[in-house]
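K.L.:
Take 1 as the starting number for the sequence shown in UniProt numbering and just add one per residue.
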Amino acid sequence: MSMPVAELDATDRQILDLLIEDGRRSVREIADLVGLSPSPVRRRIERLENQGVIVGYTAVVDESRLGNTFEAFAELRFAGNTEVSEITASAKDIPEVIAIYTVAGDPDAIVHFKVSNLRHLHSLIDLIRRDGHVIGTKTLMVLDSWQRGTPSP
């Protein structure tokens, strides 16, 4: 059963935007930016957590500092009788995989990678191709990107 959609006002959305931008921002700083005192901001954040709107806080990692300077997507095509769980299993244990999206239409899935170089990417694509259900791949290299809520490098 799905949770009901949370009703948010403009201040809730502003608080969310500030936390998305920097999850370590203090309640006092958020309060100053939204024009409230810290107590109601703290209550709003707790309510958003209790409603499941905020499900956690995480670090944004600069993958290039880990040597992963190349970003790519691979479109995967699977045999017609492949279950969704098998599609995600084809790549979820590869540490360089950032996300796997199963999609309607062609392709069946899109895998997001961050890797150290093209040879590294090639080896991972070959690894995925060896999965018995994968019948085709297409690789797309990222030239530049933008993502909402992510600080610019």
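We put the beta carbon where it would ideally sit given N, CA and C, even for glycine.
Computed from a predicted structure; not experimentally measured.
Should the stretch 126 to 133 be regarded as contacting the stretch 76 to 83, the criterion being three or more beta carbon pairs within less than 8 Å?
P.N.:
As far as the Cβ criterion goes, the stretch 126 to 133 touches the stretch 76 to 83, which means the pair count is three or higher.
K.L.:
For ARG65 and VAL5, I'd like the C-alpha separation in whole angstroms.
P.N.:
C-alpha separation (whole angstroms): 38 Å.
K.L.:
Around the C-beta of ASN68, are 16 or more other C-beta atoms found within 10 angstroms, so that it is buried, or is it exposed?
P.N.:
The residue is buried, with at least 16 neighbouring Cβ atoms inside 10 Å.
K.L.:
Looking at the unbroken alpha helix (DSSP H) that takes in HIS120, where does it start and where does it end?
P.N.:
Unbroken alpha helix (DSSP H) run through HIS120: 118 to 129.
K.L.:
Looking only at DSSP bridge pairs, what is VAL134 linked to?
P.N.:
DSSP lists PHE78 as partners of VAL134.
K.L.:
Mind checking whether GLU96 and PHE113 have CB atoms under 8 Å apart?
P.N.:
Against a cut-off of 8 Å, the Cβ pair of PHE113 and GLU96 comes out as a contact.
K.L.:
Do THR139 and residue 154 have their beta-carbon atoms positioned less than 8 Å apart in this structure?
P.N.:
The chain is shown from 1 up to 153; residue 154 falls before or after that span and cannot be answered.
K.L.:
Mind pulling the alpha helix (DSSP H) runs of 4 or more residues that sit fully within the stretch 93 to 119?
P.N.:
With a minimum length of 4 residues, no continuous alpha helix (DSSP H) run stays inside the stretch 93 to 119.
K.L.:
Under three-state DSSP, which class holds LEU8?
P.N.:
In this structure, LEU8 counts as coil in the three-state DSSP scheme.
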